[in-house]
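What follows is a single structure, written as structure tokens, with notes after it.
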Amino acid sequence: MESMLVTRFGHAAVLVETEDARVLFDPGVFSTDEVFALDGLDAIVVTHQHPDHLDRERSGALLDRNPDAVALADPETADQLGSPWRAHRDGDIVEFAATKLQAVGELHAEIAPQLPRVANVGVLLSGGSGPTLFHPGDSYATIPSGVDVLALPLSAPWAKVSETIAFAQQVAPATAFPIHDRTISDAAYDIYWNHVANFSGIADLRRLGQTESTQV
Numbered sequence: 001m002e003s004m005l006v007t008r009f010g011h012a013a014v015l016v017e018t019e020d021a022r023v024l025f026d027p028g029v030f031s032t033d034e035v036f037a038l039d040g041l042d043a044i045v046v047t048h049q050h051p052d053h054l055d056r057e058r059s060g061a062l063l064d065r066n067p068d069a070v071a072l073a074d075p076e077t078a079d080q081l082g083s084p085w086r087a088h089r090d091g092d093i094v095e096f097a098a099t100k101l102q103a104v105g106e107l108h109a110e111i112a113p114q115l116p117r118v119a120n121v122g123v124l125l126s127g128g129s130g131p132t133l134f135h136p137g138d139s140y141a142t143i144p145s146g147v148d149v150l151a152l153p154l155s156a157p158w159a160k161v162s163e164t165i166a167f168a169q170q171v172a173p174a175t176a177f178p179i180h181d182r183t184i185s186d187a188a189y190d191i192y193w194n195h196v197a198n199f200s201g202i203a204d205l206r207r208l209g210q211t212e213s214t215q216v
């Protein structure tokens with residue numbers, strides 16, 4: 001089986017490298033500076049418009065460094081940003097040789113009844129005979145099948161620990177690593193992580209730091 005290299009760049013920003021594609025997810029304001037210096041990207045994917053997933057000020061320079069990259073975003077964000085961003089809707093598929101990006105879901109999780117829910121489109125990334133990775137953005141609503149590697153949102157104003165655990169159990173990947181965790185203090189991080197480790201049922205949990213890589 002082929003493998004993929006997964007590198008975190010802070011919070012929800014993740015670079016996935018398959019045998020034939022380099023795909024970057026969610027370069028936002030909590031991402032490390034290094035993510036905006038990446039080049040050689042085949043795709044830049046934004047799951048939704050919130051600034052922790054999209055740094056509008058610095059994303060332009062990232063696109064300039066990667067003029068051949070396909071820029072994909074949920075329909076609302078793509079409409080706001082304009083060209084070269086393309087709308088990526090639930091069920092849409094974009095392919096790079098053997099690597100496939102499938103859009104999953106439609107709405108951001110509810111933060112509070114008083115706040116309107118924006119569009120949120122997660123992505124299933126698969127590469128040939130390699131594993132399938134799921135980056136859900138900010139939603140636990142959609143449970144795709146066949147997920148080998150889960151980018152698991154660990155803490156958010158739209159989630160509680162029991163929901164995080166239930167989502168991890170339902171997706172049931174072989175491997176998971178944390179995203180959406182820059183808002184957790186160092187003192188509290190172990191609490192969140194240990195609950196997932198103890199109750200998710202995922203055998204291969206990898207506690208990747210903000211700029212750490214792993215081969216899966």
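Take the sequence shown: its position 171, counted from the start at 1, is 171 in full-length UniProt numbering, and no numbers get skipped.
Where a beta carbon is used, it is the ideal one built from N, C-alpha and C, also for glycine.
- Annotated three-state conformation of L63 is helix, per DSSP.
- In terms of Cβ geometry, A71 and P84 form a close pair [threshold 7 Å].
- Closest option to A176, judged by alpha-carbon separation, among A109, A203 and L54: A203.
- Look at L38 here: in three-state DSSP terms it is coil, with no helix or strand label.
- Secondary structure of W85 (DSSP, three-state): strand.
- Judged by DSSP secondary structure, I165 falls within the alpha helix (DSSP H) whose first and last residues are V161 to V171.
- When C-alpha distances from P67 are compared across F30, D42, T77 and D33, the shortest belongs to D42.
- Between V46 and L38, the gap from beta carbon to beta carbon reaches 7 Å or more.
- For A168 and L81, the gap between their C-alpha atoms comes out near 32 Å.
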